[in-house]
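Student:
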Amino acid sequence: MSSPLVSTFPTAVLSPVYCETVLGSPANIFAKLSDVQDDVQVPRVTMPLPSHHNDHNQIIEPIKYNQHSFKESSLGPLSCATQSPIPKGLPPVTRHMGESSYCSRKNLLRRNEADLDLIDLQKSKDIFKSSMKNIPDTTVYTAVVAKRADVESKCLRALAAAWERESTEKHPLLLQNILKDCAEQYVESMAEASFFERLLVKRTMQQLEDDADFTLAAYSHDFTAHQIADLQLDYLEEIGAEWKLSTEDDDSEDAEDRLKAYVDSIVAELEVETVKDSRR
3 MSSPLVSTFP TAVLSPVYCE TVLGSPANIF AKLSDVQDDV QVPRVTMPLP
53 SHHNDHNQII EPIKYNQHSF KESSLGPLSC ATQSPIPKGL PPVTRHMGES
103 SYCSRKNLLR RNEADLDLID LQKSKDIFKS SMKNIPDTTV YTAVVAKRAD
153 VESKCLRALA AAWERESTEK HPLLLQNILK DCAEQYVESM AEASFFERLL
203 VKRTMQQLED DADFTLAAYS HDFTAHQIAD LQLDYLEEIG AEWKLSTEDD
253 DSEDAEDRLK AYVDSIVAEL EVETVKDSRR
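In my numbering, the protein residues as written are 3 to 282.
1. Quick check on the burial criterion: 16 or more other C-beta atoms within 10 angstroms. Buried or exposed for residue 163?
2. Using C-beta distances below 6 angstroms, list every residue in its chain close to residue 160, excluding the 5 sequence neighbours before and after it, in chain order.
3. Tell me which residue opens and which closes the alpha helix (DSSP H) that residue 165 is part of.
4. Where in the segment 195-250 do unbroken runs of the alpha helix (DSSP H), each at least 4 residues long, occur, reported from the N-terminal end onward?
5. Starting from residue 126, trace the alpha helix (DSSP H) in both directions and tell me its first and last residue.
6. Does the Cβ of residue 145 have 16 or more other Cβ atoms within 10 Å, making it buried, or fewer, making it exposed?
7. Residue 262 by DSSP, collapsed to three states: which one?
8. DSSP three-state call for residue 284: helix, strand or coil?
9. In the structure shown, what three-state DSSP assignment does residue 120 receive?
10. Determine the closest residue to residue 242 out of 174, 122 and 142, with distance taken between C-alpha atoms.
11. Can you say whether residue 234 is buried or exposed, counting buried as having 16 or more other CB atoms within 10 angstroms of its CB?
12. Closest to residue 132 by C-alpha separation, out of 122, 157, 238 and 172, would be which residue?
13. Spatial neighbours of residue 281 within its chain, please: CB distance less than 6 angstroms, with the 5 preceding and 5 following residues excluded, ordered by chain position.
14. Pull up the distance between the alpha-carbon of residue 138 and that of residue 220, whole angstroms please.
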């Protein structure tokens with residue numbers, strides 16, 4: 003049987019029945035109150051510690067917003083390194099899209115911080131060439147080959163951003179032409195015009211304008227990165243020419259040819275698998 007005292011404070015409230023049956027007459031209540039409080043042992047309520055071996059000892063509480071488990075709330079908030087800026091309470095699809103957008107912006111900012119400035123690179127040409135004097139010839143040759151690949155990569159990236167910007171500029175014109183062509187029928191059949199918009203454009207005018215602004219910023223970044231890589235390649239080729247080094251790539255096979263051969267091999271393997279499946 004538990005104690006009638008439900009609090010550990012000395013000013014606990016006692017019921018009248020308890021006062022008469024245990025402490026005696028009302029005249030002696032105040033005289034005996036201190037002795038009773040000293041004698042009565044009030045059980046302390048302790049929270050069971052979380053155990054990995056016995057999950058039944060854990061207390062199950064309603065999960066609060068942005069909280070996964072009781073262990074997480076008892077140990078405190080997660081560290082900043084593992085915390086995501088996306089709220090945990092969002093639906094899975096919304097949360098995944100938010101994390102994807104956050105990672106894209108983070109990657110773009112990281113590349114902006116890492117790239118050199120074109121003006122600073124032009125001013126430091128002499129320093130760059132003097133620092134390359136003590137580097138072996140094989141290392142210079144490898145640097146030229148690697149930088150050529152870097153230039154091609156950044157060139158393709160800039161071209162992709164340019165075509166993306168072209169696409170975002172042409173789609174608003176397409177949207178305007180659709181609205182113009184369907185102007186007479188739009189009042190009678192709004193659903194048909196909306197269907198054409200969703201089928202051919204799949205974006206609103208505001209979304210297309212936002213895409214154009216973003217791709218313009220991405221194109222500016224990629225074009226500057228291509229200029230920097232191209233200038234660095236010129237510096238390396240000048241050093242190779244001064245040292246009379248052959249900077250031609252020994253691997254004369256074009257990357258497009260290698261890709262085509264790889265795709266052809268995959269197609270051939272798929273055809274063999276198809277023939278085997280048909281015979282079964």
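Each residue gets a CB set at the ideal place from its N, CA and C atoms; glycine is no exception.
Tutor: On the basis of the data shown:
1. Buried, because 16 or more other Cβ atoms sit within 10 Å of the Cβ of residue 163.
2. Within its own chain, the residues whose Cβ lies closer than 6 angstroms to the Cβ of residue 160, once the five positions on either side in sequence are excluded, are 224, 225 and 228, listed in chain order.
3. If you look at residue 165, you'll find it in the alpha helix (DSSP H) that goes 139-183.
4. As for any alpha helix (DSSP H) of minimum length 4 sitting wholly inside the segment 195-250, the runs are 207-244, ordered along the chain.
5. Here residue 126 belongs to no alpha helix (DSSP H), and DSSP marks it neither H nor E.
6. Burial state of residue 145 is buried, judged by a 10 Å Cβ sphere holding 16 or more other Cβ atoms.
7. Residue 262 falls in the helix class under three-state DSSP.
8. What is shown of the chain runs 3 to 282, which leaves residue 284 out entirely.
9. In this structure, residue 120 counts as helix in the three-state DSSP scheme.
10. The option with the nearest alpha carbon to residue 242 is 142.
11. Buried, by the Cβ-count rule.
12. For residue 132, the closest C-alpha among the options 122, 157, 238 and 172 is that of 238.
13. Closer than 6 angstroms at Cβ, skipping near neighbours: no residue.
14. Straight through space, the alpha carbons of residue 220 and residue 138 are spaced by roughly 37 angstroms.
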